[in-house]
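Order-wise, the sequence lines are chains X and R.
So in the numbering used here, spot 412 of the first sequence is number 792, and the numbers just go up one at a time.
So in the numbering used here, spot 116 of the second sequence is number 118, and the numbers just go up one at a time.
Below: the structure, in structure tokens.
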Amino acid sequence: MTREVPELMDLTEHLFELDVYRSRGGYKAARKALGMSPVAVLAEVKDADLKGRGGAGFPAGVKWGFIPRDGEKPVYLCVNADEGEPGAFKDRWLLTHDPHLLLEGVIITAYAVGAHDGFIYIRGEYEAAALRLDRAINEARAAGFLGEKIFGTEFGLDITVFRGAGAYICGEETALLESLEGKRGEPRLKPPFPASVGLFRCPTVINNVETVSNVPRILRDGSEAFRKLGRPGDGGTRLFSVSGAVVKPGLYEVPVGAPLKDLIFEHAGGLPPGRTLKAVIPGGLSAPVLRADEIDIPLDCDSLFRAGSMIGSGAVIVIDDGTSMLDVLGIMTRFYAHESCGQCTPCRIGTSWMRKTVVRLASGNGNMEDIDGIARVASAIKGRTLCPMGDAAALPILALVTKFRTEFGSRIEECRARNRS
Amino acid sequence: MSHGFAPIVLDEVRAVASRFPRKEAALLPVLRVLQRVTGALGPAEEKLAAELLGLEPVRVREAVTYYALFRQKPAGRHIIQICINLSCSMAGAGHSLADLQTRLGIVPGETTPDGRFTLLTVECLGNCDQAPCLMVDEDDHGRVQEEELDEILGRYS
């Protein structure tokens with residue numbers, strides 16, 4: 381298979397072993413970076429326009445730039461591997477198949493921001509991935525790529541793998557920090573941002589697995605090559621987890637800005653025979669849904685934002701005509717009601733209220749006024765919570781009940797008819 | 003400090019605790035180990051974690067009751083976690099769940115009378131291209147067909 385673009389995804393077998401990773405040129409970028417000044421490494425990544433791949437899409441180099449230099453407090457690096465967004469499985473792939481790529485990215489990132497302690501927060505359910513990562517860390521330590529005097533320089537770094545314990549909200553960066561400190565994963569008020577007051581109240585950089593895994597190739601190929609792969613201000617390629625009603629669900633890598641339609645119909649093979657496209661959730665369950673006539677857009681942060689949605693963590697869920705949007709609404713409301721940490725009243729009460737309303741609708745004891753009520757409650761949550769989870773619940777629910785209002789009308793009638801009979 | 007825990011358990015817990023730069027950061031890892039070796043995080047486990055890490059007992063209780071993977075009562079010998087989120091539901095997770103309930107004679111949250119299986123529903127295991135998916139203990143099972151369920155369950159005695 382010829383490669384259209386230099387890829388992040390390397391399908392070489394046994395790549396998770398250090399020898400194989402090194403035979404593919406592994407750890408050369410880290411060696412190169414440690415021969416540069418930290419400021420030069422940071423500038424290279426900043427110039428690459430690498431946007432965060434975890435959901436918020438904040439430029440990684442800019443985030444690193446907020447870390448105070450030569451402060452008295454230690455700087456911490458946290459890798460967010462708490463992949464919990466429904467539909468996303470890209471970080472699982474990277475951790476399982478290419479853990480040394482992540483470690484190489486961690487070394488470079490830590491060097492650029494002056495961190496000597498790194499934490500990788502990996503979700504509790506990712507057992508196989510965590511074992512691979514543990515093994516890779518031991519190999520890297522034995523080879524002198526972690527620990528003291530890495531590559532014979534004065535730079536030292538150690539990494540601790542931290543296992544989550546089943547809480548979606550811990551993917552939110554300040555909740556992740558609370559969890560790392562042994563507390564309930566309740567998000568913090570921002571500002572102060574983690575770059576100034578983070579883990580143990582010290583300056584902290586938090587980046588997603590895919591974001592950090594892109595760092596080695598930026599150092600290897602240069603920022604310009606990376607930037608050119610994508611769109612202005614949004615460089616590189618992205619991994620998309622495609623699931624739902626497609627012939628070939630799976631993980632696909634395309635340049636930032638590639639057409640969403642191509643991802644679904646070419647890479648993922650389109651819909652199964654006899655099914656037609658109804659809607660697409662382009663960035664994980666929290667991303668507002670797009671109707672079938674709205675998917676002619678490029679896959680980059682700005683284009684998805686302009687379309688009223690978000691690229692999120694690159695989890696594309698394809699919905700066919702055989703799927704009831706009332707069922708989709710039921711899953712969404714159940715999910716957010718379950719995962720709300722309970723700290724902010726609008727999110728705690730609102731998500732549960734919406735959940736109960738959908739259960740009642742499905743039992744045939746509701747009408748379209750309930751749909752209007754759900755829209756009102758979602759609007760009341762929006763913008764009124766400490767962390768982005770309030771919006772993550774409100775916006776997709778609002779989009780669903782607005783764009784598929786007609787279908788909700790007929791589904792509710794069906795439920796009422798079933799209840800009467 | 004004697005809690006009736008075997009020395010090997012205490013050694014493992016202390017080893018985990020020592021890996022973290024601050025004691026409180028070791029709470030989740032310590033609870034994880036304790037749950038694995040004792041089966042559940044009851045009052046004795048909470049007390050041990052609190053004393054070992056110098057934390058108020060309430061801090062430990064807060065964590066135990068917050069995180070979905072922690073449990074205060076023992077589960078069955080094997081834990082089935084079946085995903086019921088969107089991609090898995092579209093691929094028939096509802097049928098798999100109904101089938102499992104019939105086979106096991108329990109509903110989610112319950113344990114079979116022989117103590118063999120605990121059935122739990124979960125929101126997304128991050129394995130959506132393998133929908134419908136489930137986990138038994140720490141093993142992933144993907145693209146699960148109803149006719150395979152007997153064979154899968156049979157591997158766990």
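The beta-carbon is built from N, C-alpha and C at its ideal position, and this holds for glycine as well.
In the three-state scheme derived from DSSP, where H, G and I count as helix and E and B as strand, D141(R) is classed as strand. Here F499(X) carries a strand assignment [DSSP, helix/strand/coil].
Residue pairing by DSSP puts N588(X) in a beta bridge opposite N460(X). Taking I500(X) as reference, the option from V493(X), G485(X) and A492(X) with the minimal CA-CA separation is G485(X). Shown here for I598(X): same chain residues with a beta carbon closer than 7 Å to its own, the five before and five after excluded, namely E424, V425, A428, L430 and F606 in chain order.
Under the three-state reduction of DSSP output, E633(X) falls in the strand class.
A Cβ-Cβ contact shorter than 7 Å links R433(X) with N588(X).
Under the three-state reduction of DSSP output, G730(X) falls in the helix class. Using a CB distance cut-off of 7 Å, G94(R) does not count as an interface residue toward chain X. When the Cα atoms are used, S693(X) and P9(R) turn out to be separated by approximately 44 Å. Between the stretch 688-703 of chain X and the stretch 663-670 of chain X, the count of Cβ pairs shorter than 8 Å is three or higher; the stretches touch. Counting only runs of 4 or more residues that sit fully inside the stretch 4-63 of chain R, the alpha helix (DSSP H) segments are 9-20, 29-40 and 45-55, in chain order. Among the residues of the stretch 42-73 of chain R, those with a Cβ less than 8 Å away from any Cβ of chain X are L55, L57, R61, E64, A65, Y68, Y69, A70, L71 and F72, in the order of the chain. In the pairwise beta carbon analysis, the stretch 754-769 of chain X is classified as touching the stretch 707-726 of chain X: at least three pairs are separated by under 8 Å. Distance from the CA atom of T617(X) to the CA atom of G753(X), rounded to whole angstroms, is 41 Å. Taking C-beta atoms as the reference points, F396(X) and C130(R) fail to come closer than 7 Å. DSSP, read as helix, strand or coil, puts C795(X) in helix. Judged by DSSP in its simplified three-state form, K431(X) adopts strand. Sequence-ordered contacts of the stretch 122-155 of chain R with chain X read V124, E125, C126, L127, G128, N129, C130, D131, Q132, A133, M137, D139, E140, D141 and D142 [C-beta pairs closer than 9 Å]. Under DSSP, D538(X) forms a beta bridge with D497(X). For T713(X), the three-state secondary structure derived from DSSP is helix. Taking 7 Å as the cut-off, the beta carbon of I751(X) is found no closer than this to the beta carbon of F784(X). K453(X) sits in coil when the DSSP states are folded into three classes, being neither helix nor strand.
E519(X) counts as buried, since no fewer than 16 other beta carbons sit within 10 angstroms of its beta carbon. In this structure L679(X) does not touch W473(X) by the C-beta definition: roughly 18 Å separates them, more than the 8 Å allowed. Minimum Cα-Cα distance from A46(R) among the listed residues A95(R), L12(R) and Y68(R) corresponds to L12(R).
When 7 Å is used as the limit between beta carbons, E26(R) is near these residues of chain X: E561 and G562, in chain order.
DSSP places I761(X) in the uninterrupted alpha helix (DSSP H) bounded by M748 to I761. Counted as a single uninterrupted DSSP element, the beta strand (DSSP E) harbouring H80(R) occupies residues H80 to C85. Between the stretch 650-659 of chain X and the stretch 701-708 of chain X, the count of Cβ pairs shorter than 8 Å is three or higher; the stretches touch. The contact set of P466(X) on chain R, defined by CB atoms closer than 8 Å, consists of N87, L88, S89, E125, C126 and C130 in chain order. A straight-line Cα-Cα distance of about 7 Å links L422(X) and G445(X). At a cut-off of 7 Å, the C-beta of L12(R) has no neighbouring C-beta in chain X. For F685(X), no beta strand (DSSP E) segment is defined; the enclosing uninterrupted segment is the alpha helix (DSSP H) at C681 to R686. Contacts with chain R at 7 Å (Cβ-Cβ) include G630(X).
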